[in-house]
Amino acid sequence: MRRRAETGDSEKAGRVWAREVDDAWDPCILTLDGGGIRGYSSLMILKALMHEIWLVEQRLDNEEEIQEREGQYTAILDSPLDGNDQAAPGAKEERGRRLGENGGKVGGEVGGEDNSELEGEVFTGKKTTEEELLPCHYFDFMYGTSTGGLISTMLGRLRMTVSECLELYRKVGEDLFGKQRSRIPLTTKYYHQPLERAVQDIVGARCHEHPNCNGKDDMHPWEVYTDDTKPHRTTFDINEPRVCQSCCLTATHDENISEAYLLRSYPHFYGENAPNWITRYNEGADELPIWKVTRATSAAPFYFEMISHEVEGVTKSFKDGGIRENNPSGAALSEFHALYGEDVHQPALLLSVGTGRPDQSQDGFASTWPGPFGRLPFVSKFLEKRAVIQNLLIKYTEGEKQHHQMREHAHGEHTWYKRLNVSHGLETMPLDDWRKGDWQNHPDIPGGASLSHMEEVTAKYLEREFNDRIDSYAPPSIMLKQAAEKLVRQRRAREQEGGERWETFIGKHLHRASAEANGNAT
């Protein structure tokens with residue numbers, strides 16, 4: 001029995017959920033799968049999301065402006081006149097001038113909004129162009145595995161725009177995959193230094209604490225107390241003012257084959273009241289520089305070397321988190337319940353973004369070779385064993401099983417849980433696919449063929465109709481619009497509340513620290 005598209009019932013169709021805000025500070029969570037170079041597709045989905053967010057922001061701004069003008073007009077009409085209830089000479093003209101001064105001509109065109117105060121404004125959370133929108137102004141937590149961890153660090157911890165991440169992804173793609181280190185099977189295939197240098201450069205450029213920062217030691221923005229004046233197990237308080245936090249999933253040798261090791265930007269310790277049914281990951285926030293965090297989460301076996309770091313006196317070696325949990329949404333949900341307990345039963349939004357559905361034909365069973373040769377017993381056994389290995393390799397980078405569990409837990413995707421993942425076109429694309437070709441009307445660009453292909457299939461996915469084999473209630477475009485609506489309404493509710501919590505969330509203290517570090521404090 002196939003699923004049906006929900007269109008009639010506003011609640012089942014997700015429209016009611018998208019418009020409601022229960023609590024302004026209920027968390028909005030973003031999770032990003034691992035997938036090597038296919039993470040570029042995830043960024044294209046996020047770029048489309050930010051476009052929808054921009055449209056919603058503009059629409060709600062216009063609605064508020066109209067309501068404000070109507071309220072002013074009503075107030076003027078209801079205001080008392082002279083003692084005889086007769087309009088004084090020129091009163092109507094004066095009312096007209098007052099309305100015109102406050103945003104438009106009576107009976108004419110609405111005047112253009114003056115954005116001069118918003119231009120360059122840091123602390124309102126509003127931006128004057130779509131390209132300036134920051135995902136960290138809309139999401140409270142970002143979780144990522146492998147290249148998804150790299151993206152979550154760039155968008156969350158380093159507070160970059162999606163366009164900046166796309167540009168870096170293209171540059172690092174060429175530096176990483178443009179030149180192989182070795183072609184010998186079972187040896188490390190690529191050099192890891194280009195990724196390290198790229199992240200260090202970004203961290204140094206965005207450091208808010210150290211002048212002339214080289215990005216090698218920075219762990220900003222979270223604090224790890226290393227002296228005796230601070231409690232060692234200071235846990236993360238969800239109600240305290242904070243910026244967007246990030247968490248990268250990695251794997252380490254801890255005799256645990258099913259759970260990832262979490263490299264958090266926030267110190268979390270499980271309290272006595274933490275639910276018994278959640279997954280209890282490692283505690284605290286390990287003191288790894290940001291560049292090492294990105295290396296740890298993306299050290300894919302056979303592609304990049306492991307990285308080691310001393311954690312509380314013990315040297316740990318880290319591998320790509322995909323060998324434990326390639327889809328970090330389950331870890332994100334477990335962390336949510338551990339952090340919020342019984343106070344909040346569900347996030348405002350948990351948006352899971354994948355790197356393409358796996359090849360469904362590789363189900364662990366071999367296809368029969370044509371002709372009499374394929375019926376030979378030893379050939380048949382060889383093909384079956386190869387099929388099992390291929391299926392295991394797919395499971396390493398797929399996130400659909402976790403998605404199905406999340407969808408069941410949330411009772412569908414029409415409310416707080418949603419997943420966007422290209423359904424066709426990336427199934428057979430290798431993690432390190434980097435083919436030269438045309439890109440944006442430029443010929444023979446390194447990686448151009450790969451980039452163009454990912455852009456094309458991602459665009460087709462976001463534009464396609466409802467697929468009753470894959471979608472649970474609506475096509476991707478509807479889910480994208482509803483997620484954007486929810487994120488904008490949550491952000492605006494927070495801005496309306498204002499206060500230190502809002503100013504901290506949009507980075508006011510970061511910019512002050514940056515000015516002080518560079519000697520520009522006022």
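Take the sequence shown: its position 143, counted from the start at 1, is 143 in full-length UniProt numbering, and no numbers get skipped. The beta-carbon is built from N, C-alpha and C at its ideal position, and this holds for glycine as well. None of these values were measured; they are calculated from a predicted model.
Cut-off 6 angstroms between Cβ atoms - residues of its own chain near residue i, not counting five sequence neighbours on either side
i	result
Glu131	Ser163
Gly271	none
Leu351	Leu30, Lys418 and Ala483
Asp175	Pro194
Ile66	none
Thr153	Ser246 and Thr294
Arg59	none
Residue nearest to residue i in terms of C-alpha spacing, selected from the options
i	options	result
Leu249	Ile45, Thr294, Asn214 and Glu20	Thr294
Tyr27	Gly14, Leu349, Gln496 and Glu465	The question names Tyr, but residue 27 in the sequence shown is Pro. That would be Leu349, whose Cα lies nearest to the Cα of Pro27.
Thr128	Glu174, Ile470, Leu43 and Glu57	Glu57
Met406	Ile53, His453, Gly330 and Ser334	Gly330
Glu20	Phe177, Ala410 and Lys486	Lys486
Pro476	Cys136, Thr153, Leu420 and Gln496	Leu420
Leu168	His403, Asp343, Ala18 and Glu196	Glu196
Glu283	Leu263, Lys292, Pro289 and Trp291	Leu263
His411	Lys12, His253, Arg4 and Ala5	Lys12
Arg501	Asn239, Glu456, Glu465 and Ile478	Asn239
Gly39	Arg69, Leu431 and Tyr138	Leu431
Same chain, Cβ closer than 8 angstroms to residue i, five either side skipped, listed in chain order
i	result
Lys171	Ala198
Ala449	Arg435, Lys436, Gly437, Asp438 and Trp439
His442	Gly448
Thr428	Asp359
Trp416	Trp17, Gln346, Pro347, Ala348, Leu349, Leu350 and Ala410
Length of the line joining the Cα atoms of residue i and residue j
i	j	result
Ile278	Arg491	29 angstroms
Gly354	Ser298	16 angstroms
Phe336	Ile37	29 angstroms
Asp9	Lys47	29 angstroms
Phe236	Asn276	19 angstroms
Leu510	His210	12 angstroms
Gly341	Gly148	27 angstroms
Lys481	Leu462	11 angstroms
Pro231	Glu312	Because Pro231 sits at a pLDDT of 46, beneath the cut-off of 50, its placement in the model cannot be relied upon, and the point is left open.
Pro446	Ile307	28 angstroms
Tyr473	Leu333	22 angstroms
Ser41	Asn327	15 angstroms
Lys508	Gly156	15 angstroms
Asp471	Gly71	43 angstroms
Thr315	His309	5 angstroms
Gly215	Arg206	9 angstroms
Thr74	Cys247	50 angstroms
His496	Val344	Position check: residue 496 holds Gln in this sequence, whereas His was assumed. The straight-line gap from Cα to Cα measures roughly 21 angstroms.
Ala24	Asp444	49 angstroms
Asp22	Glu305	46 angstroms
Trp17	Gly425	31 angstroms
Pro347	Cys136	16 angstroms
Pro289	Thr145	17 angstroms
Arg280	Ala300	24 angstroms
Arg324	Asp433	23 angstroms
Ser452	Arg464	18 angstroms
Exposed unless 16 or more other CB atoms sit within 10 angstroms - verdict on residue i
i	result
Glu408	exposed
Asn273	exposed
Val488	buried
Gly14	buried
Val243	buried
Thr458	buried
Asp140	buried
His268	buried
Gly35	buried
Asp61	exposed
Gly499	exposed
Lys292	buried
Ser258	exposed
His404	exposed
Arg4	exposed
For residue j and residue i, believed in contact at Cβ under 8 angstroms, the rounded distance
i	j	result
Tyr266	Gln245	5 angstroms
Gly321	Asp33	Incorrect: roughly 10 angstroms between the Cβ atoms, too far for contact.
Ile202	Leu158	6 angstroms
Arg357	Val422	7 angstroms
Leu133	Met50	5 angstroms
Phe318	Ala251	7 angstroms
His414	Glu6	7 angstroms
Heavy atom of the ligand GTP within 8 angstroms of residue i beta-carbon
i	result
Asn214	Absence of the ligand GTP from the depicted structure is noted, as is the absence of any ligand whatsoever, leaving it without description.
Residues near residue i by beta carbon distance below 7 angstroms, same chain, minus five either side
i	result
Asp286	Leu263 and Val311
Thr504	Pro241, Arg242 and Val243
Chain B within 9 angstroms of residue i, Cβ atoms only
i	result
Arg197	Of the chains in the structure shown, none is chain B; there is only one protein chain.
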